[in-house]
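Student: Here's a structure for you.
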Amino acid sequence: MTVAPWLVLAVGNPSRGDDALGPLLLDRLRGEGWGDAADVELLTDFQLQVEHALDLRGRRGVLFVDAARPGTAAQAALTRIAADDRLPPASHALRPQAVLHVAARIDGAAPPAWVLAIEGRSFALGSDLSAPARRHLAQALPLALAWLRRRRAPVGTSTVFG
Amino acid sequence: METAAQPEGLRRVAIDPISRVEGHGKVTLLLDAQHRVQQARLHIVEFRGFESFIVGRPYWEVPVMVQRLCGICPVSHHLAASKAIDVALGIGAIPRTAEVVRRLMHYGQIMQSHALHFFHLSSPDLLFGFDSEVTRRNIVGVAAAYPDIARQGVLLRKFGQEVIRLTAGKRVHGTGSVPGGVNRHLTAEERDLLAAQVPQMLDWCEQAVGLAASLYAQNPSLYDQFGTLRSSWLSIVRPDGALDLYDGVLRARDADGRTLLDGADVQGYIGLIEERTKPWTYLKFPYLRALGPDTGWYRVGPLARVQNCDFIPSPRAEARRQQFLAKGPVHATLAYHWARMIEMLHAMEVIAGLLAEPALVDGNLAAPTPADRPARRAGVGVIEAPRGTLIHSYTLGDDDLVTACNLIVSTTHNNQAMNESVRAVAREYFDGREVTEGLLNHIEVAIRAYDPCLSCATHALGSMPLELNLVGADGMLRDRVLRHGDGRFERAAGMAGE
Numbered sequence: 599m600t601v602a603p604w605l606v607l608a609v610g611n612p613s614r615g616d617d618a619l620g621p622l623l624l625d626r627l628r629g630e631g632w633g634d635a636a637d638v639e640l641l642t643d644f645q646l647q648v649e650h651a652l653d654l655r656g657r658r659g660v661l662f663v664d665a666a667r668p669g670t671a672a673q674a675a676l677t678r679i680a681a682d683d684r685l686p687p688a689s690h691a692l693r694p695q696a697v698l699h700v701a702a703r704i705d706g707a708a709p710p711a712w713v714l715a716i717e718g719r720s721f722a723l724g725s726d727l728s729a730p731a732r733r734h735l736a737q738a739l740p741l742a743l744a745w746l747r748r749r750r751a752p753v754g755t756s757t758v759f760g
Numbered sequence: 083m084e085t086a087a088q089p090e091g092l093r094r095v096a097i098d099p100i101s102r103v104e105g106h107g108k109v110t111l112l113l114d115a116q117h118r119v120q121q122a123r124l125h126i127v128e129f130r131g132f133e134s135f136i137v138g139r140p141y142w143e144v145p146v147m148v149q150r151l152c153g154i155c156p157v158s159h160h161l162a163a164s165k166a167i168d169v170a171l172g173i174g175a176i177p178r179t180a181e182v183v184r185r186l187m188h189y190g191q192i193m194q195s196h197a198l199h200f201f202h203l204s205s206p207d208l209l210f211g212f213d214s215e216v217t218r219r220n221i222v223g224v225a226a227a228y229p230d231i232a233r234q235g236v237l238l239r240k241f242g243q244e245v246i247r248l249t250a251g252k253r254v255h256g257t258g259s260v261p262g263g264v265n266r267h268l269t270a271e272e273r274d275l276l277a278a279q280v281p282q283m284l285d286w287c288e289q290a291v292g293l294a295a296s297l298y299a300q301n302p303s304l305y306d307q308f309g310t311l312r313s314s315w316l317s318i319v320r321p322d323g324a325l326d327l328y329d330g331v332l333r334a335r336d337a338d339g340r341t342l343l344d345g346a347d348v349q350g351y352i353g354l355i356e357e358r359t360k361p362w363t364y365l366k367f368p369y370l371r372a373l374g375p376d377t378g379w380y381r382v383g384p385l386a387r388v389q390n391c392d393f394i395p396s397p398r399a400e401a402r403r404q405q406f407l408a409k410g411p412v413h414a415t416l417a418y419h420w421a422r423m424i425e426m427l428h429a430m431e432v433i434a435g436l437l438a439e440p441a442l443v444d445g446n447l448a449a450p451t452p453a454d455r456p457a458r459r460a461g462v463g464v465i466e467a468p469r470g471t472l473i474h475s476y477t478l479g480d481d482d483l484v485t486a487c488n489l490i491v492s493t494t495h496n497n498q499a500m501n502e503s504v505r506a507v508a509r510e511y512f513d514g515r516e517v518t519e520g521l522l523n524h525i526e527v528a529i530r531a532y533d534p535c536l537s538c539a540t541h542a543l544g545s546m547p548l549e550l551n552l553v554g555a556d557g558m559l560r561d562r563v564l565r566h567g568d569g570r571f572e573r574a575a576g577m578a579g580e
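Now the structure itself:
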C-alpha cells in the first residue's frame, strides 16, 4: 500500500482548552481543501506515541503540529527538527524528535520533519480556546499552507523553510 | 503513615513533576535533621473536574466525550460509560455481536496499553538499572541498545491500535460502542487482516513475559524488597472466579489471600467502597467501608488481578500465572511488570479467540432501548482498565441529561499504595544520603510500577521538566535542581547541593 508523500500529524486533546490547537489547525487545512489532496495525509491523535514512528514510513516530509506552553514557542513558529536521542523520560507521550529517533532506529532512517508549534495559554479540561490561542491559530495557518505548497514546489526553487 | 509525628524540625524535598506518568505530580519528602525520611506524600496538584465535565450532557454523548478524559486509555472510559448507560436505560442484555466487538475493543486496549508501559516506560529502568544515565532510560535508549525489543514493542502497540481502530471505527475519538451495543461489525477482510498477525503477536507476548520473569530472576533480592508492601487486592472477576477484564463481580482479598468480599454486584459499589479526601492532594483515597480507612485500602491493577482470580481462562497465560505464583502470594511492587506481561499474553489469547467468533462479522448490533423507563435512571459500569478497576456511575434526568456522575479511576484506587511504596523506597534509599537524580529516580520507578495516570491527556510542547526542591523546616528553599526537557541538568543559581 502506498502512502501520501507528505504527512501533517496534529496532536492534542480537543477538550483540553488550547491543547486543541493542533487538531483545529488540521480542521482549517481541511477547510482549505487539503483533506482531499492525494499527496497529503492529515492525521490527528491525542499524543505522540511510539507507534507513530510507523506513520512516518514512506514519507518525503512530515509536519508535526502541536500546542506549546507559554515560553516554548512565541505565537506560532515553524522549525526544522532532527531525530534526538538526548531526550529525558517525560510522560507517556513522546516529543516529535523522539518519534523520529524511534523511526530511524527501527527503519534505518526518518523523513525530513518540521514542528509547527502554536502557543497556548490554558489547558484545563472542558475549557474553551483562549483568545490568544485563537490569534496564534490564525497566524499558524499561513505557515502550514506555505509548508504544504513548498513541498509541492519543483526542486531548485527558492527555499523558505530549508 | 504519611504524616510525621513531629513535622516541626523536618526538611522537605520535593520532586516535581514525576516523569513518564501523565500530567503533573509532585513528591514531597520530609527529612529530619539526620536526613531520615519521616514523611512521604504523592501530590496530585491538578484538579481533574471529570464529573463537572460530564454533568449536563445528554447520555448518548457520554461514551464519546469521556474518551477525552484520558489520552492513554480512552477506550476504557468509552466502554465503562457505555456499560453504565446500558443499565441506566434499563437495557438488560446486549446482543452477542455487541459483546464480542466491545470485548475485542477492550482487550485491544489492554494489550496496547500494557505494551506501551512495559516497552516504553518501564523496560528502560529495568534493562539499564535505576541509576543509569537518565538520557538512556527511555524508549530511545532501548531502541539503541535492544533494537529487537523496541521494535516488538512498537509493533505490539500498532496491532492493539489497529484492533481499536477497527472496532471503534476511528483511530481516536471512536464511536463504536453505543447505548445498547455497538454500531458496526468487522468485515471479514478486517477480521482476516488481524487474524493473520495473531501468531506473531502471541509469540512476542510470550517472549515479553519471559523477559519480565528473567529480569526478576536476575535480581530477586532487589525485586522482592523494592517498594514492597503487604496490601489487600480488589478487582472484578467472572462469577466463577476466572480473570475477566471486561465484566464481572467485585472481589477483594486480604494480603494473605483470605476473601474480604466476593460476588458483589457492581451496582452496589457505593455501599462497599468509600472515598476520603486529604488536604494536600486532589486525588481521593478509596477504602473498603467494612474495614475503615486505616486498614481498608487496597491495590488494583495487574498484580491484584492475577492473584485475585482463581484462574486465567486462557492456557498460555494461566501457565505463566502458575509460575508467577509458585512461591505463594506476591507483594513486590516491581512484580506489577511481570503480572502486566502475563495479562498482555492473556489479552492476546482472548483477541485470538474473539477473532474466531462468527458474531464478530454478523448479527444484531444493539439492543433496543426499553419503552418503559426505569423508575430511577441510574447505572454503574465497572471495567478492569489497564491500570486497574475503573468505575463509572451516572444518574439521568427525565430530559435525558446526566444529573449526577461519579468516577473512580484506577490511579485513585492505588493512591494509598503509591504513597506507601514511595515511603518504603524513600526510607531505603534516601536515609542519610545525598539527594541525586539517580536516587530520585528510585522513587519514580516505584510509582511507575503502578502505571499511574495523574491528570490525563495534556502533553503540549514544553511541558514536563523535572524539578527538585529542598525546603527547610523554616520554609526557606535550600536547594533547587532542574532537569530540562532536552535532558540538561541545572542547579538554580545560589543554591548549594546537599
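In order, the protein sequence lines correspond to chains P and V.
According to our numbering, the first sequence is numbered sequentially starting from 599.
According to our numbering, the second sequence is numbered sequentially starting from 83.
We put the beta carbon where it would ideally sit given N, CA and C, even for glycine.
A quick note: this is a predicted structure, and the numbers were derived from the prediction, not measured.
Measure from the C-beta of residue 135 of chain V to each C-beta in chain P and report whether the shortest distance is under 7 Å.
Tutor: Looking up residue 135 of chain V in the second sequence gives position 53. It does; some Cβ of chain P falls within 7 Å.
Student: Would residue 466 of chain V pass as a contact of residue 355 of chain V if the rule is Cβ separation under 7 Å?
Tutor: Working through the second sequence from its first residue, we reach residue 466 of chain V at position 384. Working through the second sequence from its first residue, we reach residue 355 of chain V at position 273. Their beta carbons are not under 7 Å apart, which means residue 466 of chain V does not touch residue 355 of chain V by this criterion.
Student: What is the DSSP secondary structure of residue 717 of chain P, reduced to helix, strand or coil?
Tutor: Here residue 717 of chain P is taken as the residue at index 119 of the first sequence, counted from 1. Residue state, collapsed to three classes: strand.
Student: Rank V:308, V:245, V:192 by C-alpha distance to the C-alpha of residue 278 of chain V and give the top, closest one.
Tutor: Start at 1 with the first residue of the second sequence, and residue 278 of chain V comes out as number 196. Ranking V:308, V:245, V:192 by Cα distance to residue 278 of chain V puts V:245 first.
Student: Check whether chain V comes within 7 Å of residue 648 of chain P, counting only Cβ atoms and requiring the distance to be less than that.
Tutor: Indexing the first sequence from 1 puts residue 648 of chain P at position 50. At a cut-off of 7 Å between beta-carbon atoms, residue 648 of chain P makes contact with chain V.
Student: Taking only runs of the beta strand (DSSP E) that begin and end inside the stretch 667-711 of chain P, which ones reach a length of at least 3 residues, in chain order?
Tutor: 674-679
Student: Looking at the strands, I want to know which residues DSSP matches up with residue 664 of chain P.
Tutor: Along the first sequence, one-based indexing puts residue 664 of chain P at 66. Paired residue(s): P:609, P:715.
Student: Of all the alpha helix (DSSP H) runs that stay within the bounds of the stretch 289-344 of chain V, which reach a length of 4 or more residues?
Tutor: If only complete runs of 4 or more residues are kept, the stretch 289-344 of chain V shows the alpha helix (DSSP H) at 302-307, in order along the chain.
Student: When you compare the CB positions of residue 738 of chain P and residue 635 of chain P, do they come within less than 7 Å of one another, or not?
Tutor: Sequence index remark: in the first sequence, residue 738 of chain P carries index 140 (1-based). Sequence index remark: in the first sequence, residue 635 of chain P carries index 37 (1-based). Not in contact: residue 738 of chain P and residue 635 of chain P (Cβ atoms no closer than 7 Å).
Student: Alpha carbon to alpha carbon, what distance is there between residue 703 of chain P and residue 661 of chain P?
Tutor: Position 63 of the first sequence, counting from 1, holds the residue named residue 661 of chain P. Position 105 of the first sequence, counting from 1, holds the residue named residue 703 of chain P. Going by the C-alpha atoms only, they are around 20 Å apart.
Student: Which of helix, strand or coil does DSSP assign to residue 287 of chain V?
Tutor: The count along the second sequence starts at 1 and reaches residue 287 of chain V at position 205. Helix.
Student: Return the bridge partner residues of residue 501 of chain V from the DSSP annotation.
Tutor: By one-based count along the second sequence, residue 501 of chain V stands at place 419. Note: residue 501 of chain V sits in no beta bridge, so no partner.
Student: Do residue 259 of chain V and residue 177 of chain V have their C-beta atoms within less than 7 Å of each other?
Tutor: Counted from its first residue, the second sequence places residue 259 of chain V at position 177. Counted from its first residue, the second sequence places residue 177 of chain V at position 95. Residue 177 of chain V is positioned such that its CB atom lies no closer than 7 Å to that of residue 259 of chain V.
Student: Check residue 105 of chain V in the structure and name its three-state DSSP category.
Tutor: Along the second sequence, one-based indexing puts residue 105 of chain V at 23. Residue confidence is low: residue 105 of chain V scores 43 on pLDDT, short of 50, so the model does not pin down where it sits. Its coordinate-derived value is still stated next. Residue state, collapsed to three classes: coil.
Student: Looking at C-alpha atoms only, which residue of V:162, V:250, V:371, V:136 is the closest neighbour of residue 190 of chain V?
Tutor: Mapped onto the second sequence, residue 190 of chain V falls at position 108. Out of V:162, V:250, V:371, V:136, V:250 has the C-alpha closest to the C-alpha of residue 190 of chain V.
Student: Excluding the five sequence neighbours on either side, which residues of its own chain have a C-beta within less than 6 Å of the C-beta of residue 479 of chain V, listed in chain order?
Tutor: Position 397 of the second sequence, counted from the first residue, corresponds to residue 479 of chain V. Closer than 6 Å at Cβ, skipping near neighbours: 485.
Student: Please report the residue range of the alpha helix (DSSP H) in which residue 151 of chain V lies.
Tutor: Against the second sequence, residue 151 of chain V aligns to sequence position 69. That residue, residue 151 of chain V, is in no alpha helix (DSSP H); it is neither H nor E in DSSP.
Student: What I want to know is whether the C-beta of residue 670 of chain P ends up closer than 6 Å to one or more non-hydrogen atoms of the ligand FAD.
Tutor: Ligands displayed in this structure: none; no statement on the ligand FAD is therefore possible.
Student: Answer yes or no: does any C-beta atom of chain P fall closer than 7 Å to that of residue 243 of chain V?
Tutor: Within the second sequence, residue 243 of chain V is the residue found at index 161, counting from 1. Chain P, which has a Cβ nearer than 7 Å to the Cβ of residue 243 of chain V, makes this yes.
Student: Taking all protein chains shown into account, decide if residue 282 of chain V is buried (16 or more other Cβ within 10 angstroms of its Cβ) or exposed.
Tutor: The sequence position of residue 282 of chain V within the second sequence is 200, counting from 1. For residue 282 of chain V, the number of other beta carbons within 10 angstroms of its own is below 16, and it is reported as exposed.
Student: If you follow the beta strand (DSSP E) that residue 240 of chain V is in, where does it begin and where does it stop?
Tutor: Taking the first residue of the second sequence as 1, we reach residue 240 of chain V at position 158. Careful: residue 240 of chain V lies outside any beta strand (DSSP E), inside the alpha helix (DSSP H) at 229-250.
Student: Got a sec, what are the start and stop residues for the alpha helix (DSSP H) residue 435 of chain V sits in?
Tutor: Sequence index remark: in the second sequence, residue 435 of chain V carries index 353 (1-based). Looking at the DSSP string, the run of the alpha helix (DSSP H) that includes residue 435 of chain V is 417-437.
Student: If you follow the beta strand (DSSP E) that residue 466 of chain V is part of, which residue opens it and which one closes it?
Tutor: By 1-based counting over the second sequence, the position of residue 466 of chain V is 384. From DSSP, the beta strand (DSSP E) with residue 466 of chain V extends over 460-467.
Student: With H, G and I counted as helix, E and B as strand and the rest as coil, what does DSSP make of residue 281 of chain V?
Tutor: As a working note, residue 281 of chain V is residue 199 in the second sequence. If DSSP states are grouped into helix, strand and coil, residue 281 of chain V belongs with the helices.
Student: Mind listing which residues of the stretch 356-377 of chain V have their C-beta closer than 7 Å to chain P's C-betas, in chain order?
Tutor: none
Student: How would you label residue 335 of chain V, buried or exposed, when you count the other beta carbons within 10 angstroms and need 16 or more for buried?
Tutor: Along the second sequence, read from residue 1 onward, the residue named residue 335 of chain V stands at position 253. Buried.
Student: What are the residues in the stretch 612-628 of chain P lying within 7 Å of chain V by C-beta distance?
Tutor: 612, 613, 614, 617
Student: Taking C-alpha atoms, which residue in V:487, V:442, V:448 lies nearest to residue 461 of chain V?
Tutor: Looking up residue 461 of chain V in the second sequence gives position 379. If we check each option's Cα against that of residue 461 of chain V, V:487 comes out closest.
Student: For residue 657 of chain P, return the contacting residues in chain V, with the cut-off set at a CB-CB distance below 8 Å.
Tutor: Residue mapping note: residue 657 of chain P aligns to position 59 of the first sequence, counting from 1. The premise fails here: residue 657 of chain P is roughly 16 Å from chain V at the closest Cβ pair, so nothing lies under 8 Å.
Student: If you run the structure through DSSP and keep just helix, strand and coil, what is residue 380 of chain V?
Tutor: Residue numbering aside, residue 380 of chain V sits at position 298 when the second sequence is read from its first letter. Residue 380 of chain V falls in the strand class under three-state DSSP.
Student: Exposed or buried, which one is residue 645 of chain P when buried takes at least 16 other CB atoms within 10 Å?
Tutor: Indexing the first sequence from 1 puts residue 645 of chain P at position 47. Residue 645 of chain P comes out buried.
Student: Once DSSP output is grouped into helix, strand and coil, what is the label at residue 726 of chain P?
Tutor: In the first sequence, the residue the question calls residue 726 of chain P occupies position 128. Residue 726 of chain P: coil per DSSP, three-state reduction.
Student: Please compile the residues from chain P whose C-beta is within a distance smaller than 7 Å of the C-beta of residue 240 of chain V.
Tutor: Taking the second sequence and counting its residues from 1, one reaches residue 240 of chain V at position 158. Within chain P, the residues near residue 240 of chain V are 649, 652.
Student: Should the stretch 159-168 of chain V be called in touch with the stretch 181-197 of chain V, which here means at least 3 C-beta pairs below 8 Å?
Tutor: yes
Student: Since residue 503 of chain V and residue 471 of chain V are thought to touch, with beta carbons under 8 Å apart, how far apart are those beta carbons, to the nearest angstrom?
Tutor: Taking the second sequence and counting its residues from 1, one reaches residue 503 of chain V at position 421. Taking the second sequence and counting its residues from 1, one reaches residue 471 of chain V at position 389. Contact doesn't hold; Cβ gap of about 18 Å is too wide.
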